[in-house]
Structures are given as C-alpha cells and as structure tokens.
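Step one of this worksheet: look at the structure below.
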Amino acid sequence: MATSTAKEWVPHDLANKQGSVIRCPTCKAPTKLPAGGVENLQMNFYLSEEKLENERRVKGHETCPVHDNEHVTLYCQECDQVMCIRCKVTTHDGHLSEDITSTLLRCKKQIENDLHYLDDCIQRTTQRAEMFQNNEKRAQEKREALAKQVNNP
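Under this note's numbering, read the sequence shown as residues 105 to 257, first letter to last.
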C-alpha cells in the first residue's frame with residue numbers, strides 16, 4: 105500500500121490503531137496496520153513508479169518547452185514544433201498551426217499510409233527477386249544445354 109493513499113481512505117479512528125485490519129484499495133487484500141499505523145505501511149512501489157512515470161510524461165512531453173507551467177495544445181506547422189497558447193500569441197503569431205490532436209491523427213494516418221506503401225514495395229521487390237532467380241535458373245539450364253550441344257556435335 106502507498107501511505108499517502110492510505111491516509112486518504114482509512115477512517116481516521118483506525119489510521120493509528122496497531123492491529124486494525126484494513127483492505128488494500130488496489131487488490132482488496134486484508135492488511136493489519138503495523139505499529140505506528142498508516143505511516144508505517146509498506147510503500148507500494150508499483151504505484152510510486154506509476155506516479156513517477158506520469159510525472160515524467162507530464163514534465164517531459166506535455167509541457168511547453170518555453171513556458172514550464174503551460175501544457176502544449178497546438179502544433180506550429182511553420183516551425184515544426186509543439187507549443188502552448190502563450191507561444192501561439194507571441195512567438196508563433198501569424199504562423200499556420202493546428203490542434204495537437206489533429207496533428208497526431210494526421211501523422212498517424214501518414215505513417216499508416218507509408219507502411220502500406222512500404223509493404224507493397226517489399227511484396228513487389230520479393231516477386232521481382234523470385235522472377236530474376238527463375239530467369240537465372242532457366243538461363244543456366246540453357247547454357248548447360250548449349251554447352252552439351254557444342255561439346256557433343
């Protein structure tokens with residue numbers, strides 16, 4: 105269990121009573137409170153790592169590189185970068201931009217189209233390679249047949 109979470113849902117009168125049985129909100133397993141109550145519960149490392157990853161995601165990818173507390177919601181097509189509303193009305197004023205979700209969907213569609221095109225290219229190339237191998241095999245057989253005719257008049 106995570107102690108910060110446990111403090112929020114454990115009834116106040118049970119929070120510090122050693123031996124009180126509470127249920128984990130995640131897995132519902134019964135858990136006896138240790139001496140010291142909720143404060144001494146074992147840390148739930150999975151939830152902590154999940155929170156940390158969420159924090160990394162918010163800080164690393166969703167916040168504006170210029171304005172730390174602003175979330176990116178737009179994509180500047182002229183500068184090829186994500187931006188927040190404040191950037192749109194300042195640095196990118198007059199630039200062609202779109203909602204970042206639209207950009208994501210457009211890029212995803214383009215990637216899917218490119219993958220289909222590449223799959224078709226691979227299929228055509230494979231067919232041509234097989235055709236060349238067959239042609240080479242037939243040419244080799246004809247060379248051998250001609251060599252026999254020349255050697256055995």
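Virtual Cβ for every residue (Gly too), placed ideally from N, Cα, C.
This structure is a prediction, so every number in the text was calculated from the model and none was measured.
Sort out for me which residues DSSP pairs residue i with in a bridge.
{"i": "tyrosine 179", "result": "Val186, Glu202"}
{"i": "isoleucine 126", "result": "Thr135"}
{"i": "threonine 167", "result": "His175"}
Output the boundary residues of the beta strand (DSSP E) element that contains residue i.
{"i": "threonine 195", "result": "Unbroken run through threonine 195: none, as it is neither H nor E."}
{"i": "proline 134", "result": "134 to 136"}
Expressed to the nearest angstrom, what Euclidean distance is found between the alpha-carbon atoms of residue i and residue j?
{"i": "proline 138", "j": "glutamate 166", "result": "40 Å"}
{"i": "threonine 194", "j": "glutamine 214", "result": "30 Å"}
{"i": "asparagine 238", "j": "threonine 230", "result": "12 Å"}
{"i": "isoleucine 226", "j": "histidine 196", "result": "41 Å"}
{"i": "glycine 164", "j": "glutamate 174", "result": "Low confidence applies here, because glycine 164 scores a pLDDT of 47, under 50, leaving its location unreliable; read the following figure in that light. Cα to Cα, the separation comes out at about 12 Å."}
{"i": "leucine 250", "j": "phenylalanine 236", "result": "21 Å"}
{"i": "arginine 247", "j": "glutamate 234", "result": "20 Å"}
{"i": "valine 186", "j": "alanine 133", "result": "44 Å"}
{"i": "asparagine 255", "j": "glutamate 245", "result": "15 Å"}
(message) Assess contact between the region 173 to 184 and the region 197 to 207, defined as three or more Cβ pairs (one per stretch) separated by less than 8 Å. Is contact present?
(response) yes
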